[in-house]
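Participant: The structure's right below; bear with me while I get my questions together.
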Amino acid sequence: MTTLTRTGADAAASAPVTTAGTSHDARARRSSPSWAWLGLVPFAAYVVLFLAVPTALAIGSGFFTESGAFTWTNVSALGDPVVLTTFANSAGLSLLTAVVGALVGALVCYALLGMNPEGAIRSMVDAAAGVLAQFGGVMLAFAFIATIGIQGVLKLFLQDSFGIDIYANGTWLYELPGLILPYIYFQIPLMVITFMPALAALKPQWSEANLTLGGTRASFWLRIGIPVLAPSFLASLMLLFANAFSSYATAAALASQGSQIVPLQIRTALTSETVLGRENLAGALALGMIVIVGVVMALYSLIQRRAARWQS
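Letter by letter, the sequence shown follows residues 123 to 434 of this note's numbering.
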């Protein structure tokens with residue numbers, strides 16, 4: 123008498139399937155309360171305290187007086203020529219530094235594209251970009267003052283060795299033009315961080331197909347590379363604009379006098395004792411900044427979603 127023993131796939135196929143227990147366990151897991159949301163509590167508290175509450179205070183102080191009465195006086199101050207000039211200065215400074223930072227940062231990303239992602243140079247540049255993108259405020263201002271300030275090392279070297287006085291036409295470092303170099307300093311690393319993933323996501327098959335069809339390197343970038351990367355580049359450009367438009371600490375440390383840009387004008391409105399009857403002007407200015415940054419970030423989100431279609 124011969125006994126056939128089923129092994130391997132036959133045994134697995136002939137084994138009874140118990141779907142009832144599996145589905146019951148799945149339903150039990152779905153019905154049981156999940157405590158995973160507790161991990162979001164610290165972040166939610168941070169967002170509420172440092173984003174939602176300041177935004178609500180800015181809106182409230184912009185539309186209400188100290189006694190709680192509704193008023194349009196503070197918001198109408200946004201149409202003042204001085205305030206409009208300040209917003210124009212902030213927008214111009216942000217746009218200039220964003221464009222320069224985006225172009226230089228894109229060139230750095232292109233140079234890194236030909237390097238080994240696991241190599242030492244690529245790792246060093248990535249690490250430096252992550253650090254320098256957050257290097258701002260008083261530290262950055264002090265670095266520029268010590269380097270090209272009135273008694274800065276580089277300024278004295280150029281003056282003593284070559285007779286070049288970079289402040290022959292005025293001490294521009296402590297005025298609005300002096301904010302351009304410090305802002306570009308942290309805009310370029312931020313561009314490297316945000317744009318490098320999009321550039322690295324370009325598929326080699328696209329270049330191979332272009333060469334197979336008789337294309338050149340120039341035709342690849344003109345017809346494939348640039349059109350594909352354009353949404354990511356514009357999204358990064360808007361992020362850089364919002365980053366510069368909302369920067370305060372570096373400008374406050376360098377330009378201690380005057381209110382050339384909106385954050386400095388908000389500081390003046392909060393600390394000045396000469397502006398009577400408009401104590402809540404700072405809230406109206408902050409409201410204007412919130413609207414501009416909100417529009418820019420909304421456009422950034424729309425463009426980024428379009429760019430993510432081919433990156434996924």
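Glycine included, every Cβ here is placed at the ideal spot set by N, Cα and C.
None of these values were measured; they are calculated from a predicted model.
When you compare the stretch 243–260 with the stretch 368–385, are there three or more beta-carbon pairs, one atom per stretch, that lie closer than 8 Å?
Facilitator: Enough Cβ pairs lie closer than 8 Å, so yes.
Participant: Along the chain, which unbroken stretches of the alpha helix (DSSP H) at least 4 residues long are found entirely within the stretch 254–319?
Facilitator: Within the stretch 254–319, the complete alpha helix (DSSP H) runs of at least 4 residues are 259–270 and 275–284.
Participant: Distance, Cα to Cα, residue 167 vs residue 243?
Facilitator: Rounded to the nearest angstrom, the two C-alpha atoms are 39 Å apart.
Participant: Taking the straight line between their C-alpha atoms, what separation do you get for residue 335 and residue 302?
Facilitator: Taking the straight line joining both Cα atoms gives about 45 Å.
Participant: Is the beta carbon of residue 196 sitting closer than 7 Å to the one on residue 332?
Facilitator: For residue 196 and residue 332, no; Cβs fall outside 7 Å.
Participant: What's the call for residue 98, buried or exposed, on a 16-neighbour Cβ count within 10 Å?
Facilitator: Outside the displayed span of the chain (123 to 434) sits residue 98, for which this structure offers no information.
Participant: Can you give the beta carbon distance from residue 204 to residue 306, rounded, assuming they're within the 8 Å contact cut?
Facilitator: Their Cβ separation, rounded to whole angstroms, is 27 Å, which puts residue 204 and residue 306 out of contact at 8 Å.
Participant: How about the stretch 349–360 and the stretch 279–298: do they share at least three Cβ pairs that are nearer than 8 Å?
Facilitator: With a cut-off of 8 Å, the stretch 279–298 and the stretch 349–360 do not count as touching, because too few Cβ pairs lie within range.
Participant: Check the C-beta distance from residue 209 over to residue 410 and give it rounded, since I have them as a contact under 8 Å.
Facilitator: So it is a contact: roughly 7 Å between Cβ atoms.
Participant: Near residue 124, which residues of its chain fall below 6 Å by C-beta distance, leaving aside the five closest residues on each side in sequence?
Facilitator: Legend: pLDDT at residue 124 = 45, less than 50; position of this residue unreliable, value from coordinates given subsequently. Cβ within range, chain order: n/a, list empty.
Participant: Is it the case that the Cβ atoms of residue 368 and residue 320 are separated by a distance below 7 Å?
Facilitator: No, the Cβ-Cβ distance between residue 368 and residue 320 is not below 7 Å.
Participant: Going by DSSP, name the residue or residues bridged to residue 192.
Facilitator: BP columns for residue 192 point to 186.
Participant: Do you know how far the Cα of residue 418 is from the Cα of residue 234?
Facilitator: Going by the C-alpha atoms only, they are around 28 Å apart.
Participant: In angstroms, rounded to a whole number, what distance separates the CA positions of residue 201 and residue 406?
Facilitator: Their Cα atoms are separated by approximately 11 Å.
Participant: Could you confirm whether any beta carbon from chain B is found closer than 7 Å to the beta carbon of residue 294?
Facilitator: Looking at the structure shown, chain B is missing, and only one protein chain is on hand.
Participant: By how many angstroms is the C-alpha of residue 245 removed from the C-alpha of residue 237?
Facilitator: Each residue's alpha carbon lies about 10 Å from the other.
Participant: Is the CB-CB distance between residue 310 and residue 226 below 7 Å?
Facilitator: It is a contact, given that the beta carbons lie within the stated cut-off.
Participant: Quick check on residue 277: buried or exposed, where buried means 16 or more other Cβ atoms within 10 Å of its Cβ?
Facilitator: Residue 277 should be labelled buried.
Participant: Can you tell me where the alpha helix (DSSP H) holding residue 230 begins and where it ends?
Facilitator: Run containing residue 230: 203–235, per the alpha helix (DSSP H) assignment.
Participant: Under a Cβ-count criterion, where at least 16 other Cβ atoms within 10 Å of its own Cβ denotes burial, should residue 132 be classed as buried or exposed?
Facilitator: Unreliable positioning characterises residue 132 in this predicted model, as indicated by a pLDDT of 47, which lies under 50. A coordinate reading is not provided.
Participant: Should residue 300 and residue 217 be called a contact, given that it needs their Cβ atoms to be closer than 7 Å?
Facilitator: Cβ distance not < 7 Å, so residue 300 and residue 217 don't count as in contact.
Participant: With a 10 Å radius around its C-beta and 16 neighbouring C-beta atoms as the bar for buried, classify residue 348 as buried or exposed.
Facilitator: With fewer than 16 Cβ atoms within 10 Å of its Cβ, residue 348 is classed as exposed.
Participant: Comparing C-alpha positions only, which one of 352, 165, 386 and 180 sits nearest to residue 91?
Facilitator: Only positions 123 to 434 of the chain appear in the structure, and residue 91 is not among them; the question remains open.
Participant: Please look up how many angstroms separate the CB atoms of residue 425 and residue 356, rounded, as I've assumed it's under 8 Å.
Facilitator: Residue 425 to residue 356, Cβ: 5 Å. Contact.
Participant: Kindly indicate the opening and closing residues of the alpha helix (DSSP H) around residue 332.
Facilitator: Per DSSP, residue 332 belongs to the alpha helix (DSSP H) from 326–334.
Participant: If you draw a straight line from the alpha carbon of residue 304 to that of residue 380, how long is it in whole angstroms?
Facilitator: Roughly 18 Å separates the two Cα atoms.
Participant: Suppose you measure from the CA of residue 275 to the CA of residue 298; what does that come to, to the nearest Å?
Facilitator: Approximately 22 Å, taken between the alpha carbons.
Participant: Residue range of the alpha helix (DSSP H) that residue 350 falls in?
Facilitator: Taken as a continuous stretch (DSSP letters only), the alpha helix (DSSP H) holding residue 350 covers 348–367.
Participant: Compare the Cα-Cα distances from residue 318 to each of 247, 390, 337 and 170 and report the closest residue.
Facilitator: The shortest Cα separation from residue 318 among 247, 390, 337 and 170 belongs to 247.
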